[in-house]
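Notes follow once the structure below has been shown.
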Amino acid sequence: MIPPAFEYMRPNTIPEAIALLQQHGEDAKILSGGQSLIPMIARPAYLVDINRISGLSYIKEERGFLRIGGLTREAELESSPLVRLKYPILLDTAHVIADPQVRNLATVAGNLAHGDPANDHPATMIALGAQVVATGSAGERIIPIEEFFLSLFSTALQPGEILTEIRVPVPTVKSGGAYFKLERKVGDFATAAVAAQVTLDASGAVQKVGIALTNVGPTPIKAKKAEDFLRGKKLDEATVRQAGQLAGDEAQPSSDLRGPAEYKKGLVKELAKRALSRAAERAGR
Ligand SMILES: Cc1cc2nc3c(=O)[nH]c(=O)nc-3n(C[C@H](O)[C@H](O)[C@H](O)COP(=O)(O)OP(=O)(O)OC[C@H]3O[C@@H](n4cnc5c(N)ncnc54)[C@H](O)[C@@H]3O)c2cc1C
């Protein structure tokens, strides 16, 4: 395929990038890993490549949050000892995204900013209660992840804003999370997937819970009914089964080449059970 002509720009700082985005308005797009943008057929007239901006690639805990920089690659999550030790749900998620070649370039921020309900990080970040930092000409804006995904391929980022950081609250003791995905073959987008994060109290009952679903609606779905049902309960088999049922009921899948809608709802039910059980097991360690 021969792409249409576009102008390529490579700013070295965030203010320079914002100025270019403002100058070219809706004709300009940010390029980070390029793993979603480049395969798209519709091309912007101006590509603002943010890869040369220094200081945007990091994974660190600071002031109560795990902070993931706007240019941090999926592969960096996978190789981070901190993520491996304290945020296994992020590792589960990064592992099932595409293949190692894609993960070497794809950024976590790009995965969210693309607004694709088939992408894996959105549900995980919702389950974790994350926030994103959007930086524009007026400064920084914090957006709770629950308010970030507006509709198919549409997010709360305004024109001229760059997603510069993702903030995940540092988990308290007795917290654990997991991400379970079914794909048709390794490297594929999810037929369905479920992210679950729980915090247990001293008695082992659920104090805090986040559950979110991938690729079963126009946006990632927060399974609020399942969450409400679980608060204050111990995660025994019957409770987990009922929560899975509620999560399946909250899915809004369409029938497509990955399967009929009813099959996907059943899949969510099963994956939610598995994600919750693994999350509880990790929280108990
Ligand atoms: C073969 C293949 C298989 C894949 N399989 C999966 C999968 O199983 N699961 C999955 O989750 N993903 C999958 N992906 C998508 C991949 O993870 C993408 O890399 C990711 O969605 C986008 O990240 P990126 O850094 O490549 O963004 P880009 O492609 O550079 O950008 C994507 C969009 O986000 C915008 N953007 C990028 N960065 C920022 C930023 N910092 N601030 C504001 N806007 C920004 C761009 O303007 C563009 O609109 C796959 C991709 C490929 C090529």
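So for the sequence shown, the working numbering puts the first residue at 61; every next one is plus one. Ideal Cβ positions, reconstructed from N, Cα and C, are used throughout, including at glycine.
Query - Local Cβ density within 10 Å of A173, reported as buried at 16 or more and exposed below that - result: buried
Requested in this report: Grab the span of the beta strand (DSSP E) containing Y106 for me, first residue to last.
Outcome: Y106 to D109
Query raised in the report: Is E221 helix, strand or coil by DSSP?
Result: coil
Query - Span of the alpha helix (DSSP H), counted from its first residue to its last, around T153 - result: P148 to H155
Query - C-beta atoms of T279 and A252 nearer than 8 Å - result: no
Query raised in the report: For the segment 191 to 202 against the segment 284 to 301, are there 3 or more C-beta pairs whose distance is under 8 Å?
Result: no
Query - For E136 and S143, the rounded distance between their alpha carbons - result: Reading off the sequence, residue 143 comes out as Val, not Ser. When rounded, the distance between both Cα atoms is 9 Å.
Query raised in the report: What did DSSP end up calling Q191 once you bin it into helix, strand or coil?
Result: strand
Query - Distance cut-off 7 Å: A169 Cβ against heavy atoms of ligand 1 - result: yes
Query raised in the report: To which residues of the same chain is T167 closer than 8 Å at the C-beta, ignoring the five residues directly before and after it?
Result: S92, G93, G130, L131, T132, R133 and E134
Requested in this report: Return yes when the Cβ of F66 is within less than 8 Å of the Cβ of P104, no when it is not.
Outcome: yes
Query - Paired residues, beta bridge with E67 - DSSP - result: Y106
Query raised in the report: Going straight from the alpha carbon of K285 to that of I226, what length do you get?
Result: 26 Å
Query raised in the report: Which residues bound the alpha helix (DSSP H) around Q257?
Result: Element bounds for Q257: not the alpha helix (DSSP H) but the beta strand (DSSP E), A250 to L260.
Query raised in the report: Among the residues of its own chain, which have a CB less than 7 Å from the CB of S314, if the five just before and after it don't count?
Result: A321
Requested in this report: Assign Y239 to one of three DSSP states: helix, strand, or coil.
Outcome: strand
Query raised in the report: For ligand 1, any of its heavy atoms closer than 7 Å to the Cβ of K89?
Result: yes
Query - K241 burial status per 10 Å Cβ neighbour count (16 or more: buried) - result: buried
Query raised in the report: Taking 7 Å as the cut-off, does the CB of Q83 come closer than this to any heavy atom belonging to ligand 1?
Result: no
Query raised in the report: Who are the near neighbours of V266 in its chain, counting only those whose CB is closer than 8 Å to its CB and skipping five residues on each side?
Result: V258, T259, L260, L290, R291, G292, K293, K294 and L295
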